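Residue 205 in the numbering used here sits at position 204 of the sequence shown, and the numbers go up by one each step.
Inspection log for the structure reproduced underneath, given as structure tokens.
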Amino acid sequence: MKEKPDATLAALAEPQPAPKPKGAARIRTYFLTGLVVAGPVAITIWITLWLIGLIDGWVKPLIPLAYNPDSYLPVAVPGFGVLAAFLGLTILGFLTANLVGRTVVQSGEQVLNRMPIVRSLYKGVKQIFETVFKQDGTSFRRVGLIEWPGPGMWSLCFITEPARGALAEGLPGPEHLCLFVPCTPNPTTGYLVMMEASKVTEIDVSTDDAFKLIMSMGIIQPNAAPPATPPMIAPNLPGGEKPEIAAPAAG
Numbered sequence: 002m003k004e005k006p007d008a009t010l011a012a013l014a015e016p017q018p019a020p021k022p023k024g025a026a027r028i029r030t031y032f033l034t035g036l037v038v039a040g041p042v043a044i045t046i047w048i049t050l051w052l053i054g055l056i057d058g059w060v061k062p063l064i065p066l067a068y069n070p071d072s073y074l075p076v077a078v079p080g081f082g083v084l085a086a087f088l089g090l091t092i093l094g095f096l097t098a099n100l101v102g103r104t105v106v107q108s109g110e111q112v113l114n115r116m117p118i119v120r121s122l123y124k125g126v127k128q129i130f131e132t133v134f135k136q137d138g139t140s141f142r143r144v145g146l147i148e149w150p151g152p153g154m155w156s157l158c159f160i161t162e163p164a165r166g167a168l169a170e171g172l173p174g175p176e177h178l179c180l181f182v183p184c185t186p187n188p189t190t191g192y193l194v195m196m197e198a199s200k201v202t203e204i205d206v207s208t209d210d211a212f213k214l215i216m217s218m219g220i221i222q223p224n225a226a227p228p229a230t231p232p233m234i235a236p237n238l239p240g241g242e243k244p245e246i247a248a249p250a251a252g
């Protein structure tokens, strides 16, 4: 069998540039590029406007007509309800931070605690808000991995709180953690799992990055390098031979 010259092998081994798209393929490429750029912006604007309209619809009817610009302006002012809600909640927090405000809140809680059904609902909702929004807490700020729902399968989880009280006493073995395992792509639903602390692997991933990973179904991964370019497949030589191509050096 004739040996091919080294120059021929070297030429075949060199990666060839990808052909430029032509005609309809070029138009399709431009369209998809524009979609990737405009899509996230349009969806973000749409969600923002929807939330502003939702809050305005709740808050504006509660504002007196003398202070509501919609009552004397020819056009509606979007976002005024959001501003009013922000100012109202800030003032409420300021008032309840002093002795007089706390006394008023405690008096209101005593009234609610005398109502059988409302009492349970109020206590549950209040505890959730205090746990999620407390400034010195770590709830939903720690992300971990657990081998769940079966051996060899791993799931992302949020470490909420250690098991305490009667819950900790009823669980066998060492310390347990309460975990929230979210569903994909809607992380507002999921499973409450109590697992031994030794079986939970905490990872250095922020809550925001974890939510991005869940909502993108694994496409957007935290601190991930871009995928490597696949190796060029060289054509077969006559006689079934293939040129040897060195593997690309690791970056």
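Here a beta-carbon is modelled for each residue, glycine too, at the ideal position from N, C-alpha and C.
No experiment lies behind these values; they were computed from the predicted model shown.
How many angstroms separate the CA atom of residue i from the CA atom of residue j?
i: Tyr68; j: Lys61; result: 10 angstroms
i: Gly145; j: Phe181; result: 10 angstroms
i: Ala98; j: Leu36; result: 49 angstroms
i: Phe141; j: Pro75; result: 45 angstroms
i: Trp155; j: Leu168; result: 25 angstroms
i: Ile53; j: Gly24; result: 43 angstroms
i: Pro183; j: Leu193; result: 9 angstroms
i: Ala86; j: Thr185; result: 32 angstroms
i: Ile147; j: Leu157; result: 7 angstroms
i: Val201; j: Leu178; result: 8 angstroms
i: Arg27; j: Ile46; result: 29 angstroms
i: Val83; j: Tyr31; result: 38 angstroms
i: Phe81; j: Val133; result: 27 angstroms
i: Pro231; j: Ile221; result: With a pLDDT of 48 at Pro231, under the threshold of 50, the modelled position of that residue is not reliable, and the figure given next carries that caveat. Distance between the alpha carbons of Pro231 and Ile221 is about 20 angstroms.
i: Thr189; j: Lys213; result: 13 angstroms
i: Pro70; j: Gly58; result: 14 angstroms
i: Gly219; j: Tyr73; result: 50 angstroms
i: Arg29; j: Ile56; result: 40 angstroms
i: Lys124; j: Pro175; result: 30 angstroms
In the DSSP output, which residue or residues are listed as bridge partners for residue i?
i: Ile147; result: Ser156
i: Ile204; result: Val144
i: Phe181; result: Phe159, Leu193
For residue i, report the span of its alpha helix (DSSP H) as first-last.
i: Phe87; result: 81-97
i: Met216; result: 208-216
i: Glu176; result: Neither: Glu176 is in no alpha helix (DSSP H) and is coded neither H nor E.
i: Ser108; result: 100-114
i: Ile118; result: 117-134
message: My parser needs the alpha helix (DSSP H) runs of 4 or more residues fully inside the stretch 30-67; what are they?
response: none
- prompt: Looking at C-beta atoms only, is the number of pairs between the stretch 161-175 and the stretch 100-120 that lie closer than 8 angstroms three or more?
  reply: no
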